[in-house]
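In my numbering, the protein residues as written are -11 to 486.
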């Protein structure tokens, strides 16, 4: 079973075949690594080091500004910095994308084109801000804050000896002075991007950035208590208080006054600087060349994450040609076979990958998920496949106990067919504890709690899903939440047996 871009539904889809070549493998690749990031790139070493320093500066600044408790990566952060837009094009999820971020339950995969300047990095900064903030806990922030705050921190820039916070994002600057605004009453009530047209969505991002900037950096004496005010606001919203009333009570500002206040504020937007040297203390960077077979396998898995199966297959084949003993390339070819439901070929290659690298937990995990996927898709042999999946997942957890994915998949196997719900709850709760930001654990966990009669916990999880600002609406979750809330209401009004 797959998570994020690598989940069960991927098996049901034929990935875009594409026509991109694997010529990018013929370039010289290096890895520059720090405690928090690994960058794979064809940039010159000097430029690659500078890029990694900027990423570490961004992360350190984010932690200082937000006072987040996060001190270590929840999962590895792999970044693919392509030297040109043409090299990046085969991997991007949509046309004209400058960069993309794929959060999975085993790693964060990020890719961008470096020749687009700040555009690509801004995507990474924005999405990584979401990742760190959401991992602080299960709080569901309103859409305007979630995006406005990510835009605010995503525009952090390094200028000489200072790291600047609060500068206007260059791509938002023209929209700041666009005459047709989204009303702030509508902005703070928004729950989904579907509420806006394309032009309105650009205004929503820009105005959300401006509003968060004003509330955090622009009000004298108020910045230090912003987090307290925000917590009060979120609490009031969860108590079903009207958004405008909750905003006024929490921030001391009437929503009807925001347009006039912010029109004045935009004329003189402040920014602040943090000393670069203080943020880079203790930074250690290592550099090594990456052989063709390794980068071929890594880029193949990046393509798999975006469901570009044909591209992935070509990359894996090139990697295997260069080194027949590359276990991750062999496992990748097995993954391609699995997507096509070529079960026998897939199983043979998974076995071969494990023979080549039995101590690599990723190979063991891929093989375990193969059995979980078969159990989900086919009734024939389901019990045997589930038993195999669970045995192997337990083994993977022993090998890599801090990786959320095997815990999550183990729990998800109890959502298949008529499995008892109780054994699946603990591993899914553990996955959610390890990586609170990831949405793929909440719904299967909610379903198991509902089936086990744990109505309160199921409702809590379902509300997080239904009111989550990112992703597509989950109609099944909405339906189940309505059912459980109705049952809870009926239970409260039922006469006492006494």
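For each residue, glycine too, the CB sits at the ideal point set by N, CA and C. As the structure is a computational prediction, the values presented were derived from the model and not from experiment.
Per DSSP, cross-strand counterpart(s) of residue i
| i | result |
| --- | --- |
| residue 29 | 18 and 69 |
| residue 87 | 100 |
| residue 262 | 151 |
| residue 215 | Beta-bridge pairing links residue 215 to no other residue. |
| residue 274 | 21 |
Whole-angstrom distance between residue j and residue i, CA atom to CA atom
| i | j | result |
| --- | --- | --- |
| residue 475 | residue 442 | 12 Å |
| residue 265 | residue 149 | 7 Å |
| residue 206 | residue 180 | 27 Å |
| residue -6 | residue 226 | Residue placement at residue -6 cannot be trusted, given a pLDDT of 42 that sits under 50; the coordinates are not used to answer. |
| residue 194 | residue 187 | 11 Å |
| residue 157 | residue 140 | 8 Å |
| residue 216 | residue 203 | 12 Å |
| residue 19 | residue 104 | 21 Å |
| residue 228 | residue 369 | 48 Å |
| residue 465 | residue 101 | 37 Å |
| residue 377 | residue 351 | 13 Å |
| residue 5 | residue 462 | Any reading at residue 5 must be qualified, since the residue scores a pLDDT of 35, below 50, and its modelled position is unreliable; the value itself is stated next. Near 28 Å, if we compare the C-alpha coordinates of residue 462 and residue 5. |
| residue 243 | residue 200 | 13 Å |
| residue 176 | residue 170 | 10 Å |
| residue 117 | residue 50 | 8 Å |
| residue 238 | residue 256 | 25 Å |
| residue -8 | residue 252 | With a pLDDT of only 41 at residue -8, under 50, the local geometry of the prediction cannot be trusted, and the value read off the model is given with reservation. Going by the C-alpha atoms only, they are around 42 Å apart. |
| residue 455 | residue 84 | 29 Å |
| residue 2 | residue 31 | Confidence in residue 2 is poor, its pLDDT being 32 and thus under 50, which makes the residue's placement unreliable; the coordinate value appears in the next sentence. Rounded to whole angstroms, residue 2 to residue 31 spans 33 Å at the Cα level. |
| residue 372 | residue 335 | 15 Å |
| residue 262 | residue 107 | 22 Å |
| residue 192 | residue 214 | 21 Å |
| residue 451 | residue 472 | 11 Å |
| residue 310 | residue 12 | 14 Å |
Beta-carbon proximity of residue i to residue j, cut-off 9 Å
| i | j | result |
| --- | --- | --- |
| residue 62 | residue 425 | yes |
| residue 395 | residue 416 | yes |
| residue 353 | residue 388 | yes |
| residue 489 | residue 298 | With the chain covering only -11 through 486, there is no way to say anything about residue 489. |
| residue 363 | residue 393 | no |
| residue 232 | residue 173 | yes |
| residue 329 | residue 365 | yes |
| residue 398 | residue 381 | yes |
| residue 312 | residue 17 | no |
| residue 301 | residue 90 | no |
| residue 342 | residue 355 | yes |
| residue 361 | residue 315 | no |
| residue 198 | residue 161 | no |
| residue 267 | residue 52 | yes |
Worksheet item: Can at least three beta-carbon pairs, one atom from the region 316 to 332 and one from the region 271 to 289, be found at a separation below 8 Å?
Response: yes
Discussion item. Taking 8 Å as the cut-off, does the region 432 to 440 touch the region 124 to 133 (at least 3 CB pairs, one atom from each stretch)?
Written reply: Short answer: they don't touch.
Practice prompt. Check whether the region 104 to 119 touches the region 40 to 58, taking contact to mean three or more Cβ pairs, one atom from each stretch, closer than 8 Å.
Written response: yes
Item to complete: Return the chain-ordered ranges of every alpha helix (DSSP H) run that is complete within the region 107 to 193 and spans a minimum of 4 residues.
Response: 131 to 142, 161 to 164 and 172 to 177
Discussion item. Check whether the region 68 to 80 and the region 402 to 413 are in contact - that is, three or more C-beta pairs closer than 8 Å.
Written reply: The region 68 to 80 vs the region 402 to 413: no contact.
Discussion item. Three or more C-beta pairs under 8 Å: does that hold for the region 266 to 276 against the region 15 to 34?
Written reply: yes
Worksheet item: Quick one: complete alpha helix (DSSP H) runs, 4+ long, within the region 416 to 450?
Response: 430 to 439
Worksheet entry | Within the region 277 to 336, ranges of the alpha helix (DSSP H) (whole runs, at least 4 residues) | 280 to 293, 297 to 310 and 315 to 327
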